[in-house]
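Colleague: Residue numbers (the working numbering): 8 to 113. The beta carbon of each residue, even a glycine, is placed where N, CA and C say it ideally should be. Take a look at this one; I'll ask things after.
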Amino acid sequence: MSECEARYPDEFRTFQRFDADYQIPEGESRAENLARVVDWLQEAHRYQRVLAITHGGTIDFLYRMATGIELHGGARIYSASNASLSVFKVRWPQVELVAYDIRLVA
């Protein structure tokens, strides 16, 4: 994150508002990313268990859905640590937080 902030300070500052419609140049907006996550959840919830290896943006949306935090905006992103485990129970459209940011490496 420090490299992004140093190389693209204006874009990084705008991104840090977690606005639904802000689109990083040649990227997608949070709203577009959320639509992909929702499509995936609607399909994945049909299975008893699903293992997903994903980036922090998806964890952020799942965490916000499970805890009732507004899906966009706010002061922070709930992305968890690298190489950590977060567990969610999905009974679409309900998302329940079971475990968050369990570190798997020392």
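Could you give the DSSP three-state label for Arg14: helix, strand or coil?
Modeller: Working through the sequence shown from its first residue, we reach residue 14 at position 7. It is helical.
Colleague: On the criterion of 16 or more Cβ atoms from any shown chain inside 10 Å, does Ala73 qualify as buried, or is it exposed?
Modeller: Residue numbering aside, residue 73 sits at position 66 when the sequence shown is read from its first letter. The residue in question, Ala73, is buried, as its Cβ has 16 or more Cβ neighbours within 10 Å.
Colleague: How would you label Tyr70, buried or exposed, when you count the other beta carbons within 10 angstroms and need 16 or more for buried?
Modeller: Working through the sequence shown from its first residue, we reach residue 70 at position 63. Burial call: buried.
Colleague: Helix, strand or coil for Ala90, going by three-state DSSP, please let me know.
Modeller: Within the sequence shown, numbered from 1, the residue matching residue 90 stands at position 83. In this structure, Ala90 counts as coil in the three-state DSSP scheme.
Colleague: For Phe25 and Val112, what's the separation of their Cα atoms in angstroms?
Modeller: Locating residue 25 in the sequence shown gives position 18, where the first residue counts as 1. Locating residue 112 in the sequence shown gives position 105, where the first residue counts as 1. The straight-line gap from Cα to Cα measures roughly 29 Å.
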